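Working notes, structure below.
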DNA sequence: AACGCGAAACGTAACGTTCAGTTTTGACAG
DNA sequence: CTGTCAAAACTGAACGTTACGTTTCGCGTT
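Residue numbers (our numbering), protein chains in the order written: chain H, 1 to 200; chain E, 1001 to 1200.
Here is the structure:
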């Protein structure tokens, strides 16, 4: 037994992810099968299943490699308002690009009926981004650059509408929309601590 | 003309939708198959496929029958702010109920990889609701009850975060969250017509 | 000689369709 | 109003297909 055996990636990880990405571009997410990925990447199906339990898991890694790092992180130029605008514009660009759109919509769709995948997706994408952004938002609020409100809610007000358009309404997410959205959210008046006006 | 039968509609529509709903509650959306629905409803598979092209189409009708009418429409008591609060709370309740959650998440997930289904979903749910709400929002803005901004954006700011939590982040959608959300969005200052501050 | 991997083959599950044989329906004659 | 009948629609079983996920085999590397 030569020590730990399972903790290295497959030899041809890149070939596999590239194959999956290409197939998705050519035929759309739904039409891609594990068999096709294996064939295209010239690997055996057992090898594929050895490291990824499902099609969704493969595409999660595709998205992590190709989209998340470069395109989804909040930039940091010192000007928070400007950074937020750039960030949301980045989502608009991402959601407009047909290939990225295919990848994200397919992956999120799969995650809706695959608990395992949904968990990993949140831990690997959601969690890290949110944690980092949260600190930035709080700091900017303290500096008076952003409206004083629950930082989680502020982030959600910015990021939810693009996702809603992508996954629910299907409306396009343009840069103009991104700008309009940021303007609106940053125009919120400071909130009273938590006192919701009595409903009745 | 006695109209040949009740035009359209299988004889046992209700039995089929009930079977689908029950199976979803018992086993989860993903585990439900067309075969199982047919068996449970004591209907032949051909009959099922005669009226619904896919599992997603069946569940769309389940959702239309059981959720949309009673639970997703914006109420109208004359007090728009209060109506909006009630409306978003309704979504919170819906997204918290395990069965409704299963149905909605499964259906939306399927729609991500089924263009046909996505189109019908938008036409039958999205479109009608949005159109009605839009008029109400504009009227309330004219009356000074709501912040002056693009009515579509205002609606999206309210409705997106719950959907985002349901489909993307997985965070719970409580009534408290709904109230907090409405408070924040209604605190937006009137927007300058469209003048986005120059980015550079 | 042993190992790891690609390729092929296998059993399973669900799909969506086809094919009898039966039940339901509405129309019409008595 | 009622009995009869043909057409339509339905059930249930079976079929071919596809993709899944696993197992087996053989080859090349070490």
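For each residue, glycine too, the CB sits at the ideal point set by N, CA and C. Since the model is a prediction, treat every value here as computed from it, not as a measurement.
Cβ closer than 7 Å: which chain E residues qualify as neighbours of residue i?
| i | result |
| --- | --- |
| residue 202(H) | This structure does not reach residue 202(H), given that chain H is present from 1 up to 200, and the question cannot be answered. |
| residue 129(H) | Simply none; closest approach about 10 Å. |
| residue 78(H) | Residues of chain E passing the Cβ test: none, with the nearest at roughly 14 Å. |
Identify the contact partners of residue i in chain H, using a Cβ-Cβ distance below 7 Å as the criterion.
| i | result |
| --- | --- |
| residue 1150(E) | 180 |
Taking 8 Å as the threshold (beta carbon to beta carbon), is residue i in contact with chain E?
| i | result |
| --- | --- |
| residue 163(H) | yes |
| residue 26(H) | no |
| residue 74(H) | no |
| residue 103(H) | no |
| residue 109(H) | yes |
Starting from the beta carbon of residue i, find every residue of chain H whose beta carbon is closer than 9 Å, and list them in chain order.
| i | result |
| --- | --- |
| residue 1106(E) | 112, 113 |
| residue 1029(E) | 112, 113 |
Under a Cβ-count criterion, where at least 16 other Cβ atoms within 10 Å of its own Cβ denotes burial, should residue i be classed as buried or exposed?
| i | result |
| --- | --- |
| residue 114(H) | buried |
| residue 1116(E) | exposed |
| residue 1106(E) | buried |
| residue 16(H) | buried |
| residue 27(H) | exposed |
| residue 161(H) | buried |
| residue 1177(E) | buried |
| residue 1042(E) | exposed |
| residue 75(H) | exposed |
| residue 143(H) | exposed |
| residue 1098(E) | exposed |
| residue 128(H) | exposed |
| residue 1049(E) | exposed |
| residue 123(H) | exposed |
So, at 7 Å on beta carbons, what are the nonlocal neighbours of residue i in its own chain, with the 5 sequence-adjacent residues on each side left out?
| i | result |
| --- | --- |
| residue 81(H) | 145, 186 |
| residue 1077(E) | 1083 |
| residue 1182(E) | 1084, 1085, 1088, 1158 |
| residue 56(H) | 107, 110, 111, 114, 117 |
| residue 65(H) | 17 |
| residue 1032(E) | 1020, 1023, 1024, 1055 |
Taking 8 Å as the CB-CB limit, is residue i close to chain H?
| i | result |
| --- | --- |
| residue 1159(E) | yes |
| residue 1156(E) | yes |
Taking C-beta pairs closer than 9 Å, name the residues in chain E that residue i reaches, listed in chain order.
| i | result |
| --- | --- |
| residue 126(H) | 1168, 1169, 1170 |
| residue 153(H) | 1161, 1177, 1180, 1181, 1184 |
So residue i and residue j are in contact, right, with Cβ under 8 Å, and what is the actual spacing, rounded?
| i | j | result |
| --- | --- | --- |
| residue 118(H) | residue 1132(E) | So it is not a contact: roughly 33 Å between Cβ atoms. |
| residue 1023(E) | residue 1040(E) | 6 Å |
| residue 71(H) | residue 175(H) | Actually they are not in contact, since the Cβ atoms of residue 71(H) and residue 175(H) sit about 14 Å apart, beyond 8 Å. |
| residue 141(H) | residue 1153(E) | Contact flag wrong, Cβ pair sits at about 22 Å. |
| residue 167(H) | residue 1167(E) | 6 Å |
| residue 1068(E) | residue 1125(E) | 6 Å |
| residue 1103(E) | residue 1029(E) | 7 Å |
| residue 1149(E) | residue 184(H) | 6 Å |
| residue 1189(E) | residue 189(H) | 6 Å |
Whose C-beta lies closer than 6 Å to the C-beta of residue i among residues of the same chain, with five residues either side of it excluded?
| i | result |
| --- | --- |
| residue 1021(E) | 1062 |
| residue 1151(E) | 1134, 1137, 1138 |
| residue 1058(E) | 1020, 1052 |
| residue 94(H) | 71, 100 |
| residue 1025(E) | 1099 |
| residue 1090(E) | 1071 |
Applying a beta-carbon distance threshold of less than 8 Å, which residues of chain H neighbour residue i?
| i | result |
| --- | --- |
| residue 1146(E) | Correct list: empty, because the minimum Cβ distance to chain H is about 12 Å. |
Near residue i, what residues of its chain come up, given a Cβ to Cβ distance below 8 Å and the 5 sequence neighbours on each side ignored?
| i | result |
| --- | --- |
| residue 45(H) | 34, 35, 38 |
| residue 5(H) | The pLDDT assigned to residue 5(H) is 38, lower than 50, so where the model puts this residue is not dependable; a value taken from the coordinates is nonetheless given after this. Cβ within range, chain order: n/a, list empty. |
| residue 1096(E) | 1172, 1173, 1174 |
| residue 155(H) | 130, 133, 134, 137 |
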